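Structure record follows, encoded as structure tokens.
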């Protein structure tokens, strides 16, 4: 079914959704910040 | 049968108004049923106010010990916590709205008011308590609903509370412990002074069959927006405020601990328990902040794996 | 998905029309289809037997035009202009729109220079007008024009007809996506089990400590 194939093709073309070094940097920074908060919260718990 | 709740029996309501069973029992109303439509409107209105408190009125009816909220409408006032009677600015609007509603065939009366507490939880402040007491004197049956739109976003569920105040001078019997919520340090006094003057009602929700269908359609339309949003990014200011508040509370607890260092040897057991529970509260608050952050991060990581790790 | 819904009726219409005709009479149908402002898919029309029969005949040029519109770009037309019938302005516009879709297939960020070269556009203003009026308003692409970095960031592009050999890649990508999703679900379930186990262990440890405290209190008293 050509219509479905075109839609699938359009969808797959959107992957990966974001692919850039800047995004990776920001994402990892956010990741580290959140883990740091968790770490600090563990200290608070103790 | 799910739509039967929407039927308004004017005769029964008039009779209920005449009987006034709440006069003899300050605890008469115990339950609140809020319609999906009213809840959506209230939450959207509260969220639109950002960090400013907004308020509105609720329309509905009563059913035994339950107040049923069918609809809600916003009032053109803001900053309800900064003035003694913010409602006064909107009296004309309220009257016009109610009259127009009746002309349009809307029979429900105003059964309560709602306002928002952006970021500081669902409870009644001193001003709220005095407003509600006044309302309950002259406009019974009347309900107070508080919505926290900021915590709604960070917790991922609607933070809402429904309250009714006790009459002046009434001493309530010991209430069961309500669900714990974090109160910021700058509001804790206001909370503590008035928390015994009102009680919380159990909230349930209902929707019509048409509401179900419409909400399903809305979900199909907006699931992408829901998936794309992240509480980590959208609620950054609120989280920073929470952490700062936690630090203040920790400092306060530490100071109290330091002052009572020698007092500990001769301190009565109650004080020790109080300090423990203060630290326990701080621990619970920090765990809550952490869990919300971890949830936000988990959703980001899952989205990254699902949508960014596929290479064509 | 909206594009497909919009053009489904048009495709049906042209397929029916092409099925009922043969030979030279198909030429105007092909011109009409390739210049229609809302039609961007031509595989179905290409599959019509009477259209396939145009191959090898004196009207094979129009079949080649249809194939060009199904899979090719404006550059492909320019390189083979001698062998193909001359395109009318509406067809030129359509082919340029399809060229943008092809470029968006390979890159999400399309530099203005590349676009201007591929589309034969002389200045940035003209390019932006084309992208906004002919592509975004037509609903075939969605994206952001970054004037500072002189590029077009594509967020969505409608699908073109599949070229031979593309299906394999698509299947591979879908399989990878499926495998990743399944692994993710398994990981999530494992984490849930781990969290439950740790919670149980924590509760047990807490109870043990409390019991020991009670024992010590009793022995002290």
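Residue numbers (this note's numbering), protein chains in the order written: chain R, 30 to 75; chain E, -19 to 292; chain L, 353 to 573. C-beta atoms are modelled at their ideal positions from N, C-alpha and C, and glycine is treated no differently. Keep in mind the model is a prediction, meaning the values are calculated, not measured.
For residue 418 of chain L, collect the residues of the same chain with a Cβ closer than 8 angstroms to its Cβ; drop the 5 residues on either side in sequence, then sort them by chain order. Answer for residue 418 of chain L: 382, 385, 386, 394, 397, 398, 403, listed in chain order.
Coil, strand or helix - residue 507 of chain L by DSSP: Note: residue 507 of chain L maps to strand in three-state DSSP.
Which residues in the same chain as residue 355 of chain L place their Cβ atom closer than 7 angstroms to its Cβ, once the five residues preceding and following it in sequence are excluded? So the qualifying residues of the chain are 392, 491, 492, 510.
Determine the burial state of residue 192 of chain E: buried for a count of at least 16 other Cβ atoms within 10 Å of its Cβ, exposed for fewer. With fewer than 16 other Cβ atoms within 10 Å, it is exposed.
Of the residues that make up the region 149 to 181 of chain E, which ones have a beta carbon closer than 8 angstroms to any beta carbon in chain R? Residues are counted here when their Cβ sits less than 8 angstroms from a Cβ of chain R; for the region 149 to 181 of chain E the count is zero.
Quick one, are the C-beta atoms of residue 164 of chain E and residue 218 of chain E less than 7 angstroms apart? The Cβ-Cβ distance between residue 164 of chain E and residue 218 of chain E does not fall below 7 angstroms.
Okay, do the region 121 to 141 of chain E and the region 86 to 102 of chain E touch, 3+ Cβ pairs below 8 angstroms being the bar? Cβ pair count under 8 angstroms is three or more, so yes.
I think residue 447 of chain L touches residue 421 of chain L, with their Cβ atoms under 8 angstroms apart; what is that distance to the nearest whole Å? Right, their Cβ atoms sit about 6 angstroms apart.
In chain R, which residues lie with their C-beta within 7 angstroms of the C-beta of residue 270 of chain E? The contacting residues are 66, 67, 70.
Helix, strand or coil at residue 495 of chain L according to DSSP, with G and I counted as helix: Under the three-state reduction of DSSP output, residue 495 of chain L falls in the strand class.
Could you give the C-beta distance for residue 70 of chain E and residue 93 of chain E, rounded to a whole number, given that I count them as a contact under 8 angstroms? The pair is not a contact, with the Cβ atoms about 10 angstroms apart (cut-off 8 angstroms).
Evaluate residue 265 of chain E with the Cβ neighbour count: other Cβ atoms within 10 Å of its Cβ, from every protein chain shown; 16 or more gives buried, anything less gives exposed. When all chains shown are included, residue 265 of chain E counts as buried.
Expressed to the nearest angstrom, what Euclidean distance is found between the alpha-carbon atoms of residue 136 of chain E and residue 271 of chain E? Using only the alpha carbons, I get a separation of about 12 angstroms.
Taking 7 angstroms as the threshold (beta carbon to beta carbon), is residue 356 of chain L in contact with chain R? Proximity of residue 356 of chain L to chain R, defined by a Cβ-Cβ separation below 7 angstroms, is satisfied.
How many Å lie between residue 46 of chain E and residue 11 of chain E at the Cα? Each residue's Cα considered, the two are about 5 angstroms apart.
Restricting to Cα atoms, I'd like to know which of E/180, E/-17, E/1 is closest to residue 42 of chain E. Ranked by how close their Cα comes to the Cα of residue 42 of chain E, the residues E/180, E/-17, E/1 have E/1 in first place.
Could you work out which residues of chain R lie near residue 522 of chain L, taking near to mean beta carbons separated by less than 7 angstroms? In chain order: 37, 38, 41.
For residue 288 of chain E, return the contacting residues in chain R, with the cut-off set at a CB-CB distance below 7 angstroms. The answer, in chain order, is 45, 46, 47, 48.
Three-pair Cβ contact test at 8 angstroms for the region 511 to 530 of chain L versus the region 439 to 459 of chain L: Contact between the region 511 to 530 of chain L and the region 439 to 459 of chain L is present, because at least three Cβ pairs lie under 8 angstroms.
Closest by CA to residue 67 of chain R, which one among E/144, E/268, E/287? Nearest option by C-alpha distance: E/268.
Can you pull the chain L neighbours of residue 127 of chain E, defined as C-beta to C-beta under 7 angstroms? The CB of residue 127 of chain E never comes closer than 7 angstroms to any CB in chain L; the least such distance is about 31 angstroms.
Provide the residue span of the alpha helix (DSSP H) that contains residue 141 of chain E, from first to last. Element bounds for residue 141 of chain E: not the alpha helix (DSSP H) but the beta strand (DSSP E), 139 to 145.
Using a C-beta cutoff of 7 angstroms, does residue 536 of chain L count as contacting chain E? Taking 7 angstroms as the CB threshold, residue 536 of chain L lines the interface with chain E.
Given a cut-off of 7 angstroms, decide if residue 52 of chain E and residue 187 of chain E are closer than it, judged by their beta-carbon atoms. No, Cβ-Cβ distance for residue 187 of chain E and residue 52 of chain E is not below 7 angstroms.
What did DSSP end up calling residue 119 of chain E once you bin it into helix, strand or coil? Residue 119 of chain E falls in the coil class under three-state DSSP.
Are residue 304 of chain E and residue 215 of chain E closer than 7 angstroms when you measure CB to CB? Limits of chain E in this structure are -19 at one end and 292 at the other, which puts residue 304 of chain E out of reach.
What's the gap between the Cα of residue 370 of chain L and the Cα of residue 400 of chain L? Annotation: residue 370 of chain L to residue 400 of chain L spans about 7 angstroms, alpha carbon to alpha carbon.
Could you check where the beta strand (DSSP E) with residue 414 of chain L kicks off and where it finishes? Element bounds for residue 414 of chain L: not the beta strand (DSSP E) but the alpha helix (DSSP H), 412 to 423.
Tell me whether residue 504 of chain L is buried or exposed, calling it buried when 16 or more other Cβ atoms sit within 10 Å of its Cβ. With a 10 Å radius around the Cβ and a threshold of 16 neighbouring Cβ atoms, residue 504 of chain L comes out buried.
Beta-carbon of residue 528 of chain L versus every beta-carbon of chain E: anything under 7 angstroms? By this cut-off, residue 528 of chain L is an interface position.
Determine the extent of the beta strand (DSSP E) in which residue 520 of chain L is found, giving its start and end residues. Note, residue 520 of chain L: premise wrong, no beta strand (DSSP E); alpha helix (DSSP H) at 518 to 572.
Using a Cβ-Cβ cut-off of 7 angstroms, state whether residue 61 of chain R counts as contacting chain E. Not closer than 7 angstroms to any Cβ of chain E, the Cβ of residue 61 of chain R fails to qualify, so no.
Helix, strand or coil: how does DSSP classify residue 39 of chain E here? Note: residue 39 of chain E maps to strand in three-state DSSP.
Going by beta carbon distance, what residues of the same chain come within less than 6 angstroms of residue 48 of chain E, once the five residues before and after it are set aside? 13, 40, 41, listed in sequence order.
Using a Cβ distance threshold of 8 angstroms, determine whether the region 523 to 530 of chain L contacts the region 539 to 547 of chain L, with at least three qualifying pairs required. No, they do not touch.
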